[in-house]
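The block underneath contains the structure these notes are about, expressed in structure tokens.
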Amino acid sequence: MPLIAPPLSLYVHMPWCVKKCPYCDFNSHGLRGEPPPYDGYIDALFADLDADLHDFGDAVHGRTVHSIFFGGGTPSLFAPALIDRFLDGVRRRLPLAQDAEITLETNPGTVEHGRFDGYLAAGVNRLSFGIQSFDDAKLSRLGRIHSASEAETAVKSAQDAGYRNINLDLMYALPEQTQEGALADVARAVALQPTHISHYQLTLEPNTAFAANPPPLPDDDHAWAMQEACEQQLGAAGYRQYEVSAYARPDRRCVHNLNYWRFGDYLGIGAGAHGKITDAARGEVIRRWKTRHPKAYLSAPGSKERIGGSGAVAGDELPFEYMLNALRLIDGVPMADFAERTGLPVERIADAMAQARRKGWLTDSPDRLQTTALGQRFLNDVISGFLD
Ligand SMILES: C[S@@+](CC[C@H](N)C(=O)[O-])C[C@H]1O[C@@H](n2cnc3c(N)ncnc32)[C@H](O)[C@@H]1O
Ligand code: SF4
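Residue numbers for the sequence shown follow the working numbering, beginning at 1306 and rising by one.
Dropping the structure here:
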């Protein structure tokens, strides 16, 4: 089956935070009083991007970028002038779609007045706020650097600055949280009228302070009940769930994340960033990731040392990788996409699909790969069924 190049996105990782949160295993490093090497990092991002464009050659040459996502870490540590300089450099190197979605992750504790106008002028048209909770006691338990009212003020000033596309990240199943507490957080999020809400279950990640010293978290059944109650409240407020943790107003789903979940392509630049590129001419799906530590990443900009690893995804791993993404989407994906994006015939997954259908985990639709409500509940088992 011929591979067909899917839409292309750009992910940019900013690996610093004011302070490391005890639950977080993202590639983020607390500043400990020292500012990041701002301009040096932007230079290193350009060198990384140039080297990737050179290495991937015809597999990316001339392809339009449909979305850019500044993730972290805390990208909002970078002043608007730096983001402007970066986006300007991207436009010089790549065709950027006129209506490209450009998202910047923002910690409400880092955005003094005036920054939002600058980001907007630079081309950022979507902000994603790390809110986590609107309960000050919970925020302090989570080691956050802002209060609930500071978070609300930040969101309102972004709306005043003219942003029409705003996501709020909330977490639930927090230490000693009740269902009422989780619902109260959702109510305060909804009251701010963002266009998108990401609602994550707090998980204990290895090598975090919480894993070493676990707080008392609600058990799985309580967490599931919280999720269902919050989903209902979000639905009633006009936010439809379209992915395991993502809820959006009509037409406000995140273009960038949808591209990941549909097994689209993305260049990944910055410390620890992951990329995935379809080389249709060679019939390969290539993954490449960058060295994680900022110091190592910065030590030789654009050199081979910036690459943490890379290689073509083996054919027998593609069905699992594809499902890992696609089945997170509540509406699933068109069946035809599987062959276009993996280069494998759909017969390759016929047995696994039949088994998942017998268990009631996938719908019977011949045209879509889509989980049932039961399949969403047992998503890890459903996806494991596609391991070779
Ligand atoms: C890179 S952070 C967002 C921006 C910014 N760094 C901040 O925290 O304000 C991405 C999001 O992942 C979520 N997250 C991080 N660690 C998590 C964990 N252990 N369990 C669940 N969600 C987590 C949080 O909601 C967080 O806002
Ligand atoms: S949750 Fe956000 S602010 Fe906290 S350490 Fe992780 S990336 Fe940094």
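Ideal Cβ placement from N, Cα and C applies to all residues, glycine included.
Fair warning: this is a prediction, and the values are worked out from it, not measured in the lab.
Residue pairing for V1370: DSSP places it in a beta bridge opposite L1313, L1401. Using a cutoff of 7 Å, the CB of K1595 does not count as near ligand 2, since none of the ligand's heavy atoms is closer than that. Boundaries of the beta strand (DSSP E) around T1583: 1579-1584.
Straight-line spacing of the CA atoms in Q1538 and S1381 works out to 30 Å. Residue state for E1645 is assigned as helix, using DSSP reduced to three classes. With a cut-off of 8 Å on Cβ pairs, the region 1408-1424 is in contact with the region 1457-1468, counting three or more such pairs. For D1344, the enclosing alpha helix (DSSP H) stretches over residues 1343-1361. Looking only at T1500, R1446, L1488, G1616, the smallest Cα-Cα distance to L1432 is reached by T1500. Bridge pairing for G1573: Y1316 [DSSP].
Under the rule that a run must span 4 or more residues, the alpha helix (DSSP H) segments found entirely inside the region 1453-1484 read 1453-1466. Near ligand 2, meaning a beta-carbon closer than 7 Å to one of its heavy atoms, we find C1322, K1325, C1326, C1329, F1331, S1333, G1377, G1378, T1379, N1412, G1435. Taking the Cβ of Q1532 as the reference point, every heavy atom of ligand 1 lies at 7 Å or farther away.
DSSP, reduced to helix, strand and coil, places E1548 within a strand of the structure shown.
Your pair K1595 and G1573 checks out as a contact, with CB atoms roughly 7 Å apart and the cut at 8 Å. In this structure, the C-beta of T1408 stays at least 7 Å away from each heavy atom of ligand 1.
Here L1475 is near A1494, since their CB atoms are less than 8 Å apart.
In summary, R1420 is buried, with 16 or more beta-carbon neighbours lying within 10 Å of its beta-carbon over all protein chains present. Around the beta carbon of R1396, a 10 Å sphere encloses fewer than 16 other beta carbons of the protein chains shown; the residue is thus reported as exposed.
Its chain contains V1495 as the residues whose beta carbon lies nearer than 6 Å to that of A1542, once the 5 sequence neighbours on both sides are disregarded; these appear in chain order.
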